[in-house]
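So the structure is just underneath, and the comments pick up after that.
Chains as they are written, first to last, in the working numbering: chain A, 39 to 424; chain B, 39 to 424; chain C, 39 to 424; chain D, 39 to 424.
Set out below in structure tokens:
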């Protein structure tokens with residue numbers, strides 16, 4: 039073990055996530071849940087007063103609450119007890135610069151999705167990651183759900199045979215009206231191209247469905263055809279995205295992402311069909327998975343229950359029938375990161391099964407957004423440029 | 039009341055539907071359920087022996103069991119007690135000729151969907167219908183389900199506001215393997231372009247989803263973009279269809295029809311979203327409808343239960359909580375036809391609310407198939423030519 | 039085949055079921071659905087004008103519309119083309135006398151449940167049935183549901199091992215308020231001891247749950263302990279019944295019947311547990327059955343789908359995924375009766391699998407009601423006197 | 039603020055919960071989730087080596103890892119930086135002595151349920167609590183679930199009117215076979231009267247259903263009639279409990295607790311009916327609540343969604359549609375305890391809405407077990423002696 043990082047918990051810093059920020063708090067809960075991290079430094083807000091107040095509330099020492107991420111990267115890298123990893127939880131357009139700064143300061147990065155606001159930034163970041171050799175974890179949190187792991191394991195193990203059709207959805211309704219005009223939390227920057235990038239619904243939630251489908255099937259679409267719409271007058275980014283997918287393997291798919299589908303609350307769902315079986319999963323009952331071997335009755339596989347395999351059981355915390363959910367899934371990403379960080383310290387490989395989304399998934403997500411925007415503009419099939 | 043047709047029940051004939059035929063029996067149950075028809079004549083099979091045996095089994099008098107639909111049309115039209123309406127339940131390519139023959143003989147027609155095998159036939163049939171003034175009922179049976187009627191009434195009444203997005207699906211799995219090669223009931227002709235027409239899954243079940251969506255929303259898509267696939271090697275028609283929809287009103291949609299989606303059993307579903315609300319319906323729980331007024335809790339509307347309106351109640355037979363299903367929905371089409379036939383006899387309009395699919399829906403269905411095939415071939419948006 | 043009854047359809051008469059009667063119409067639809075009966079005679083109402091009008095509406099010849107069931111039994115028995123079976127669809131207190139009259143006239147009886155209003159009548163009827171040798175079919179309609187048949191077959195076949203616990207429920211909410219005071223259809227006589235007998239909810243719906251549980255498990259409780267309540271002020275019969283069950287085999291159970299459980303619509307459900315497996319069925323999704331072999335994932339068995347056995351398939355009409363429901367289940371009782379009537383004519387046994395509820399089930403139902411009333415009065419375990 | 043307890047986090051100790059213990063880890067996650075506690079001391083195991091190893095793993099200083107709870111209570115009470123609250127997570131028969139010791143040492147107690155193994159202990163503990171004035175929190179964790187809070191708020195607010203019927207269930211299947219004979223985790227002591235007390239299923243899970251029903255309705259049953267069974271040969275405690283409930287208000291209820299109901303995984307459910315409405319909640323979809331105002335469509339109320347009220351929103355962490363579950367609910371009990379501890383320090387009342395189960399709920403739970411055992415023995419209604 040390196041002398042510098044020998045404490046029981048991994049020392050963690052945070053950029054963004056000051057008072058009132060939703061996702062920053064989620065990252066902190068995720069980091070705490072399995073007791074693998076200690077939050078010791080932060081550049082929590084661009085507003086110095088809010089940054090300081092937030093730091094105090096979180097028990098961060100005064101001298102480790104920084105006014106800028108650059109100052110933080112420099113100072114923490116120089117400390118004997120400096121942070122080993124930083125969580126970047128700022129809006130999309132502020133992912134690239136801090137990620138680059140910390141990686142170059144020798145500090146691992148856990149970054150909220152999407153990886154960056156543009157493909158160009160993402161490619162540059164990929165180079166930084168490669169050059170620095172530091173870890174980069176992208177919190178595509180749904181890949182931390184046990185039954186998503188279960189699906190992946192089953193597909194890889196041949197349970198559904200050769201992939202034929204993917205039905206991926208992520209539906210919400212919180213942008214049904216022009217809430218960005220009335221100051222709704224999170225709506226303003228998410229509907230602003232300058233801060234969100236080229237994608238609205240497709241970037242915010244479509245990428246989650248895209249990532250989850252790729253994670254589960256082990257295949258990334260080669261081409262897509264998209265029809266993006268901004269239903270709410272005056273909205274600059276899409277709030278609904280209808281997309282056809284084609285895979286190199288011959289599989290096909292449909293991806294639907296909508297933020298105006300009234301009655302849906304983070305309704306991520308995956309239905310995956312092969313020539314030997316089908317799988318169906320819905321976020322609202324995330325501990326349950328329906329599996330149909332062709333010609334047999336559908337089976338209900340539950341987290342930690344009969345039929346659940348090693349990949350899902352690895353990331354389960356409580357017995358079957360006791361619901362786990364969003365925070366547990368998010369925490370699993372943090373736990374996988376922790377396992378990898380520890381292994382990396384020691385020059386080892388992480389244990390069998392440890393997995394997390396990284397720069398490759400980030401690049402794929404941006405390629406997906408760019409292809410969708412281009413396809414919708416040209417009404418033609420567009421190749422994903424990953 | 040016309041002297042000829044004064045019996046308590048409407049005299050009904052049938053073309054096709056001999057022993058072993060599935061859909062012919064469904065039509066007969068549907069006709070019997072509400073006691074509005076009496077089956078008195080038939081050309082039940084092209085095989086004379088089977089035709090005769092089938093007729094006897096059904097209680098059709100020997101002299102009214104015909105060797106051909108032409109002979110039947112001529113003879114029945116000449117009888118004082120001849121049939122008033124005929125049900126055509128033959129495979130797709132044999133819908134046009136008998137429909138034309140009976141209409142021209144002055145006999146109303148109830149025809150299984152699709153209306154004909156080709157658009158050209160359908161247009162010609164439309165002319166025949168117009169010229170003869172006889173009724174033509176197309177058994178798009180899902181429009182007979184009470185909660186489908188409920189959705190239509192709610193959308194028309196403004197419950198969801200202006201239509202934005204339509205999510206229509208019809209998924210099955212019975213063509214997952216090459217069952218047409220092993221003599222599976224119904225699989226052979228359905229996968230044969232000569233007998234089914236240009237559409238496979240898209241024609242057999244896609245048209246049902248298309249028709250149901252149009253019935254419910256009151257809008258027919260203006261353009262579509264389709265990606266049709268035959269996953270099973272050697273299959274000549276599509277067994278899975280991924281389709282994007284655009285409406286003249288600005289609404290969008292996705293239609294997915296698949297016969298290789300393992301674990302799905304006639305999984306028709308409709309999810310309809312407007313700027314004020316959303317509706318969700320699934321075939322497997324066909325007596326239940328989910329309605330979400332924007333910003334309010336989702337409400338469960340049940341057939342004949344609280345929240346159900348006049349349009350659904352008109353076509354319900356038993357109290358809420360006692361499931362109705364496929365046969366009842368099918369029977370409703372027959373009941374609507376009966377009401378219209380009686381009204382027509384008397385030169386009256388059918389009662390408020392009576393509705394059934396006809397030639398217009400048939401034309402739309404064929405336009406949908408043709409546009410999908412063309413779009414899939416050219417990878418471009420294609421206008422529906424209705 | 040007997041000379042008298044050689045027509046294609048079985049000649050059926052009806053007692054009760056005049057205009058406006060709900061259950062009479064259900065019986066007629068059930069009789070028609072599979073085309074095995076022809077309704078040719080009736081004593082449809084005690085009001086002669088209503089009886090005549092109802093008969094005309096149903097196509098019953100004027101001379102076969104009777105003013106009383108006694109006149110009908112006598113006259114029909116004397117006709118060469120007289121009825122072979124009669125359906126009794128009057129309120130509970132009017133089941134005994136007509137059943138007896140027709141049986142003694144040599145005519146089979148299909149009777150709505152409960153068999154009679156009192157145990158004494160039921161015992162007398164049992165003797166009549168034995169002495170006359172005629173058939174007596176009691177329309178405990180839920181035994182006609184395919185998945186109820188499936189459960190019975192599975193339990194009998196050892197799928198759940200030795201029975202341990204039965205959880206049977208039938209919940210409604212239509213008697214939540216004193217609707218009998220405001221003329222609600224069916225509420226008045228159902229809450230009147232003189233016409234319903236000793237049981238309210240327990241008789242009207244509790245017996246259905248009791249019968250269905252016995253049909254499925256093949257076991258009838260030996261003792262019960264009941265707590266009956268009339269929640270609505272002034273109501274004379276129970277509107278909610280909480281009952282513990284003990285079986286001779288050592289199995290236990292709970293039966294809950296309520297007509298004041300707001301939000302429930304004919305919510306019959308059965309959950310059956312043995313030492314090797316469990317089964318779960320709910321009326322609202324009557325085509326689906328959950329089966330859990332101990333230690334394995336729960337399996338979803340669907341009507342006519344993979345996993346469904348011979349007993350369920352025998353009584354299914356349409357493919358899996360096309361919902362069947364209440365009318366189909368009711369019609370199955372009529373079909374089983376028809377098969378048995380035909381076999382009886384010919385001195386044969388009905389085909390393998392044909393089954394219907396009869397006097398034994400009727401006696402058990404009344405014993406259940408009487409025991410529950412007695413137990414609730416004495417707060418003690420009471421033996422069922424069947 | 040007291041000088042002693044002025045750190046950002048509340049100093050927490052733990053008794054029991056050493057390596058391999060399930061519930062100890064749940065308590066620690068719950069304590070960490072909202073960052074309100076710091077675990078600084080423990081008597082984690084009666085095995086000194088395991089106690090030490092567990093402490094080291096958890097970051098507890100060597101001098102604060104104790105060999106006995108008595109030593110811990112004494113030493114911690116004497117330290118300036120001693121613990122303010124202790125979590126007792128030992129088996130049932132080891133709840134009383136440590137609870138008493140810490141309370142008398144001036145340290146608040148969070149205790150796993152049931153409060154003690156016997157009613158006599160519980161009464162003595164109640165006196166200790168009263169005399170010491172320290173807080174006693176009993177982790178009946180389901181009361182921390184947002185939709186359970188929602189139900190309670192709705193019932194208290196009159197949403198269902200006057201209570202009539204309670205249907206409470208907790209079903210599992212993990213004791214279907216004699217797993218206690220084969221060393222299954224947790225099975226051995228749970229089926230041993232010496233360590234569990236008089237109740238098997240009724241104590242382990244029946245009390246959860248009992249507690250949740252009481253929490254939600256605001257009423258505790260006055261009498262019960264129980265039929266307890268040990269289905270597995272040789273098992274000394276009940277593994278299935280069928281219970282009728284009577285409330286002083288006139289309401290009735292059924293409580294079913296079973297550990298041999300194959301296919302059930304911690305299937306806690308509550309269905310509550312009043313004269314104006316009904317509520318239905320199931321553990322497997324714990325973020326959803328069905329509410330039916332009499333005569334209106336059922337409404338789906340979701341955590342943090344439309345229709346959710348202040349009581350549920352107070353204890354929600356993430357937006358609607360992102361599942362929360364067991365750990366979050368458990369953590370809420372810890373958060374409520376933390377809020378109360380802080381308020382108590384300052385001599386204030388906790389904020390509006392803060393609530394947690396305590397000694398009163400513990401006494402009720404034991405009274406429930408004792409009454410059930412007595413009733414089952416005597417086959418008679420027994421009054422709960424709370």
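Backbone N, C-alpha and C fix where the C-beta goes; we use that ideal spot for every residue, glycine too. In this text the structure is predicted, and so the values were computed from the model without any measurement.
Can you name the residues that DSSP bridges to residue i?
i                      : result
residue 188 of chain B : The partner list for residue 188 of chain B (beta bridge, DSSP) is empty, contrary to what the question assumes.
residue 174 of chain B : B:147
residue 331 of chain A : A:315
residue 420 of chain D : D:262
residue 48 of chain B  : B:75
residue 103 of chain D : D:80
Start and end of the beta strand (DSSP E) containing residue i?
i                      : result
residue 280 of chain C : 278-284
residue 205 of chain D : 201-209
residue 341 of chain D : First-last for residue 341 of chain D: undefined, no H or E at that position.
Do you know offhand how far residue i's Cα is from residue j's?
i                      : j                      : result
residue 388 of chain B : residue 375 of chain B : 9 Å
residue 149 of chain A : residue 53 of chain A  : 10 Å
residue 80 of chain D  : residue 411 of chain D : 36 Å
residue 192 of chain D : residue 246 of chain B : 43 Å
residue 292 of chain C : residue 206 of chain C : 6 Å
residue 91 of chain B  : residue 277 of chain C : 54 Å
Under three-state DSSP, which class holds residue i?
i                      : result
residue 355 of chain D : coil
residue 122 of chain B : coil
residue 292 of chain C : strand
residue 307 of chain C : strand
residue 267 of chain A : strand
residue 79 of chain B  : strand
residue 148 of chain D : strand
residue 40 of chain D  : Here the model assigns residue 40 of chain D a pLDDT of 46, short of 50, so the residue's position is not dependable, and the following value carries that caveat. Looking at residue 40 of chain D - three-state DSSP - the assignment turns out to be coil, as it is neither helix nor strand.
residue 53 of chain A  : strand
residue 319 of chain A : strand
residue 326 of chain A : strand
Between which two residues does the alpha helix (DSSP H) containing residue i stretch?
i                      : result
residue 246 of chain C : 245-255
residue 372 of chain C : 364-383
residue 395 of chain A : From DSSP, residue 395 of chain A is part of no alpha helix (DSSP H); its letter is neither H nor E.
residue 86 of chain D  : 86-95
residue 63 of chain B  : 60-71
residue 275 of chain B : Careful: residue 275 of chain B lies outside any alpha helix (DSSP H) and carries neither H nor E.
residue 387 of chain A : Taken as a continuous stretch (DSSP letters only), residue 387 of chain A belongs to no alpha helix (DSSP H), as it is neither H nor E.
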